[in-house]
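In mature numbering (1 follows the signal peptide of the UniProt record, and there is no 0), the protein residues as written are -26 to -1, 1 to 176.
Set out below in structure tokens:
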């Protein structure tokens, strides 16, 4: 093995050490939560649809009121007033199935909304896969709820990321032991390589 070859091997080791140092520093860089926000859910739009439904109900147009209340529930699936209104109008129309579904969700949406979004999502995944007897109409609404809580979870993650200290104490200081250790190793390797090369060249 020639001195030049040994020198090349040692330089290669030095490059590897420096690469590991860079990777170690990068490991402490925070990453923003990824994923699209659909814009499908909007509390203000739900309130507007609820007001439209109330006006239609007051005028005696129960069919239009029912559709407006359904839209209010789609805009904001955890709106208890929307589900209460749907149950009321369904009862007035003699639609027992829709009334049962609306009452079922009206009694539960606020409790689910108080849970962590991932817990609530899992609950509705299970409800969609195995709906209670007599509530087959829950399946499409369970899908809506799953999407709602997924979006709520992502929005919460993004808000937490945006409001965080850009560089926490850990992020600020943890890279230094990595950098110092790597630099020390690099200097030692370079010195050893240079000494060996000099002695082998004599």
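The beta-carbon is built from N, C-alpha and C at its ideal position, and this holds for glycine as well.
Does residue 92 pass the burial test, meaning 16 or more other C-beta atoms within 10 Å, or should it be called exposed?
Within the chain shown, residue 92 is the residue found at index 118, counting from 1. It counts as exposed.
Could you say which of 33, 39, 31, 45 lies nearest to residue 19 if we only look at CA atoms?
Position 45 of the chain shown, counted from the first residue, corresponds to residue 19. Per the Cα distances, 45.
Span of the alpha helix (DSSP H) holding residue 127?
By 1-based counting over the chain shown, the position of residue 127 is 153. Per DSSP, residue 127 belongs to the alpha helix (DSSP H) from 112 to 136.
When the distance is taken between beta carbons, is residue 119 closer than 9 Å to residue 98?
Counted from its first residue, the chain shown places residue 98 at position 124. Counted from its first residue, the chain shown places residue 119 at position 145. Cβ distance < 9 Å, so residue 98 and residue 119 count as in contact.
Just how far apart, CA to CA, sit residue 71 and residue 60?
Sequence index remark: in the chain shown, residue 71 carries index 97 (1-based). Sequence index remark: in the chain shown, residue 60 carries index 86 (1-based). Spanning the two alpha carbons is a distance of roughly 11 Å.
So, are the CB atoms of residue 114 and residue 78 less than 9 Å apart?
The sequence position of residue 114 within the chain shown is 140, counting from 1. The sequence position of residue 78 within the chain shown is 104, counting from 1. No, these two residues do not count as a Cβ contact at 9 Å.
Would you mind reading off the limits of the alpha helix (DSSP H) that contains residue 71?
On the chain shown, residue 71 is found 97 positions in, with the first residue counted as 1. Residue 71 -> alpha helix (DSSP H) spans 70 to 80.
Just mark residue 89 as buried or exposed, buried being the case when its beta carbon has 16 or more other beta carbons within 10 Å.
In the chain shown, counting from the first residue as 1, residue 89 sits at position 115. It is exposed - the Cβ of residue 89 has fewer than 16 other Cβ atoms within 10 Å.
In the DSSP assignment, the alpha helix (DSSP H) including residue 102 goes from what residue to what residue?
Residue 102 sits at position 128 when you count from the first residue of the chain shown. DSSP places residue 102 in the uninterrupted alpha helix (DSSP H) bounded by 91 to 103.
Candidates 104, 22, 85, 33: which alpha carbon is nearest residue 123's?
Position 149 of the chain shown, counted from the start, is the residue given in the question as residue 123. Here the closest residue by C-alpha is 85.
What residue from 87, 37, 96 has the CA that sits closest to residue 68's CA?
Position 94 of the chain shown, counted from the start, is the residue given in the question as residue 68. Closest option to residue 68, Cα to Cα, is 37.
If you reduce the DSSP assignment to three classes, tell me which class residue 55 lands in.
Taking the first residue of the chain shown as position 1, residue 55 is located at position 81. Note: residue 55 maps to helix in three-state DSSP.
Using a 10 Å radius around the Cβ and a threshold of 16 neighbouring Cβ atoms, would you call residue 31 buried or exposed?
Looking up residue 31 in the chain shown gives position 57. Counting Cβ neighbours within 10 Å, residue 31 comes out buried, since at least 16 surround it.
Buried or exposed by the 16-neighbour rule on C-beta atoms within 10 Å, applied to residue 27:
Here residue 27 refers to the residue found at position 53 of the chain shown. With 16 or more other Cβ atoms within 10 Å, it is buried.
Applying the criterion that 16 or more other CB atoms from any shown protein chain within 10 Å of the CB defines a buried residue, is residue 33 buried or exposed?
What you label residue 33 is simply residue 59 of the chain shown in a count that begins at 1. Exposed, since its Cβ has fewer than 16 Cβ neighbours within 10 Å.
Start and end of the alpha helix (DSSP H) containing residue 20?
Translated into the one-based positions of the chain shown, residue 20 becomes position 46. Unbroken alpha helix (DSSP H) run through residue 20: 17 to 32.
Nearest-angstrom Cα distance between residue 102 and residue 42?
On the chain shown, residue 102 is found 128 positions in, with the first residue counted as 1. On the chain shown, residue 42 is found 68 positions in, with the first residue counted as 1. Answer to the nearest angstrom: the Cα atoms are 24 Å apart.
Given residue 83, which residues of its chain have a CB within under 8 Å of its CB, disregarding the five upstream and five downstream residues?
Locating residue 83 in the chain shown gives position 109, counting from the first residue. Same-chain partners within the cutoff: 51, 52, 53, 54, 57.
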